[in-house]
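Each residue of the sequence shown is one higher than the last, beginning at 871 in this note's numbering.
The structure appears right after this line, and notes come after that.
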Amino acid sequence: MIELRNVSQRFAGPRGWIEALHNVNLTIPPGEVFGIIGRSGAGKSTLVRTVNLLTRPTEGDIVVNGRALTALAPRELREARREIGMIFQHFNLLSSRTVFENVALPLELAGMKRAQIDETVLPLLELVGLTAQKDRYPAQISGGQKQRVGIARALASKPKVLLSDEATSALDPETTRAILDLLRKINRELGLTVVLITHQMEVIKQVCDRVAVLDAGRVVEEGRVIDVFLQPRHEVTRALLGDVIAQELPPALKARVAERLKTGSGHLLRLAFSGTGVDQPVLSETIRRFELDFNILHGRIDEIQGQAFGSLAVLAGGDPVKVAQAITWLREQGVVVEELSYVE
Ligand SMILES: Nc1ncnc2c1ncn2[C@@H]1O[C@H](COP(=O)(O)OP(=O)(O)OP(=O)(O)O)[C@@H](O)[C@H]1O
Ligand SMILES: [Mg+2]
871 MIELRNVSQR FAGPRGWIEA LHNVNLTIPP GEVFGIIGRS GAGKSTLVRT
921 VNLLTRPTEG DIVVNGRALT ALAPRELREA RREIGMIFQH FNLLSSRTVF
971 ENVALPLELA GMKRAQIDET VLPLLELVGL TAQKDRYPAQ ISGGQKQRVG
1021 IARALASKPK VLLSDEATSA LDPETTRAIL DLLRKINREL GLTVVLITHQ
1071 MEVIKQVCDR VAVLDAGRVV EEGRVIDVFL QPRHEVTRAL LGDVIAQELP
1121 PALKARVAER LKTGSGHLLR LAFSGTGVDQ PVLSETIRRF ELDFNILHGR
1171 IDEIQGQAFG SLAVLAGGDP VKVAQAITWL REQGVVVEEL SYVE
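And the structure:
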């Protein structure tokens, strides 16, 4: 369990203080993959560095597995940090050391004997799928393999928590998927809590149980990933979801939609379905029942943690009273309906 209690972080900037984190409160349950997403400069890296006190917060407490890190003496803190592994966007491997030696490094530094190092490192290389590459140097392996080394190295000291700061940002989509699958496997098999920082909703969707959205140093939204995808509450979340419909519509269509909203001859609806709702012909039933015409502007079906999830943007035309009735009816069918009043 990781708790951040009233954590604030200020840095001295050229024009006064920069408040990188503002009164952040988060509880990350053990054994979860917890995502933190936000735009560039939102404070994500600052937040993750605060968790293991690489940067000490200006205010507030970090409590990891019941221990307030912020209250520990330097020696105790070094010990507590061993329970927290970290992986990075640019892998941070030593080029003069082989794959094996990179993973072994933290153990050598801790004074572990050679035989015991072998006993620890070889199974880790097996776990991350690098047994055959163990004697290669970083220059001789791919980006995805480098990140696997980074992961194995982070696991060498048997941490309970793994922090990941944009660990897949330098990788192509397919490699990203493989690395995220690996993190999931580690989370399941070793029971590790994973805190994963990203600016991509795709990453959150693929691997996280819960997500917190960070904006300008504040947590603006938090919840189960499926809930946040179904019903994003904060504007930043919607923008990150790419679900601000305006962003996804071609300009010409956008202008036409805007015109119809202005004249009141159309209603712009964002529908989100989960689970079985996706399979049901809810939409055609709505059109028939309420004698509406629906223009489908944009739609997609995704899967989150094995659960089907669809979202659809439609422009509904017809009697406004019937549109209102249709919205009520759709909600009764378990569809999340949001009416949007503009497309800017
Ligand atoms: N050591 C520092 N000194 C001064 N300002 C800092 C320092 N570290 C971060 N900042 C500032 O704090 C804010 C948050 O930075 P942070 O690196 O945490 O953002 P981020 O969400 O990780 O962004 P990115 O997605 O670009 O990595 C930024 O305005 C940044 O300039
Ligand atoms: Mg960052």
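Yeah, the Cβ is synthetic: ideal placement off N, Cα and C, and Gly gets one too.
No experiment lies behind these values; they were computed from the predicted model shown.
Using DSSP with H/G/I as helix, E/B as strand and the rest coil, what is Leu1110?
-> helix
Ordered along the chain, which non-local residues of its own chain (more than five positions away) have a Cβ less than 7 angstroms from that of Lys1030?
-> Asn935, Glu953, Leu1062 and Thr1063
Run the proximity test for Ser1034: is its beta-carbon closer than 6 angstroms to any non-hydrogen atom belonging to ligand 2?
-> no
Relative to ligand 2, is the shortest distance from any of its heavy atoms to the C-beta of Ser1039 smaller than 6 angstroms?
-> No heavy atom of ligand 2 is found nearer than 6 angstroms to the CB of Ser1039.
Contacting residues, own chain, Cβ-Cβ under 7 angstroms from Gly1014 (five flanking each side not counted) = Leu1041, Thr1045, Ala1048 and Ile1049
Skipping 5 residues on each side, what residues in its chain have a beta carbon closer than 6 angstroms to that of Leu836?
-> The question about residue 836 has no answer, for the chain in this structure spans 871 to 1214.
At 3 residues or longer, and completely inside the region 1044 to 1073: list those beta strand (DSSP E) runs for me, N to C.
-> 1063 to 1068
Residues that DSSP places opposite Ser1181 in a beta bridge | Ala1142 and Arg1170
Consult DSSP for Ser1154 and reduce its assignment to one of helix, strand or coil.
-> helix
Answer yes if the region 936 to 944 comes into contact with the region 1005 to 1020, meaning at least three C-beta pairs across the two stretches below 8 angstroms, and no otherwise.
-> no
Going by the beta-carbon positions, is the gap between Lys1016 and Leu963 smaller than 7 angstroms?
-> Contact flag set, yes.
Cα-Cα separation, Val1095 to Val1083 | 11 angstroms
By the 10 Å Cβ neighbour count, where 16 or more other Cβ atoms means buried, how is Gly908 classified, buried or exposed?
-> buried
On the three-state DSSP scale, how would you describe Val877?
-> strand
With 7 angstroms set as the bound, which would you pick, yes or no: does the beta-carbon of Leu1066 sit closer than that to a beta-carbon of chain D?
-> The structure shown contains no chain D; it is built from a single protein chain.
Given a cut-off of 7 angstroms, decide if Val1207 and Leu1138 are closer than it, judged by their beta-carbon atoms.
-> Not a contact, by the Cβ cut-off of 7 angstroms.
Where Asp1113 falls, given that 16 or more other Cβ within 10 Å makes a residue buried | In this prediction, Asp1113 scores a pLDDT of 47, lower than 50, which makes its location untrustworthy; the coordinate-derived value is nonetheless stated afterwards. Under a 10 Å Cβ-count criterion, Asp1113 is classified as buried, with 16 or more other Cβ atoms of the shown protein chains found around its own Cβ.
Assign Thr916 to one of two classes, buried (16 or more other C-beta atoms within 10 Å of its C-beta) or exposed (fewer than that).
-> buried
Classify Val1127 as helix, strand or coil using the three-state DSSP reduction.
-> helix
Residue from Val921, Ile932, Val1089 and Phe970 whose Cα sits closest to the Cα of Leu1032 | Here the closest residue by C-alpha is Val921.
Residue range of the unbroken beta strand (DSSP E) whose run includes Ile906 | Counting along the chain, the unbroken beta strand (DSSP E) around Ile906 starts and ends at Val903 to Gly908.
Got a sec: does ligand 3 put a non-hydrogen atom nearer than 6 angstroms to the Cβ of Thr1045?
-> Annotation note on ligand 3: not contained in the displayed structure, which lists ligand 1 and ligand 2 as its ligands.
Sub-7 angstroms separation of Ala912 and Pro976 beta-carbons | no
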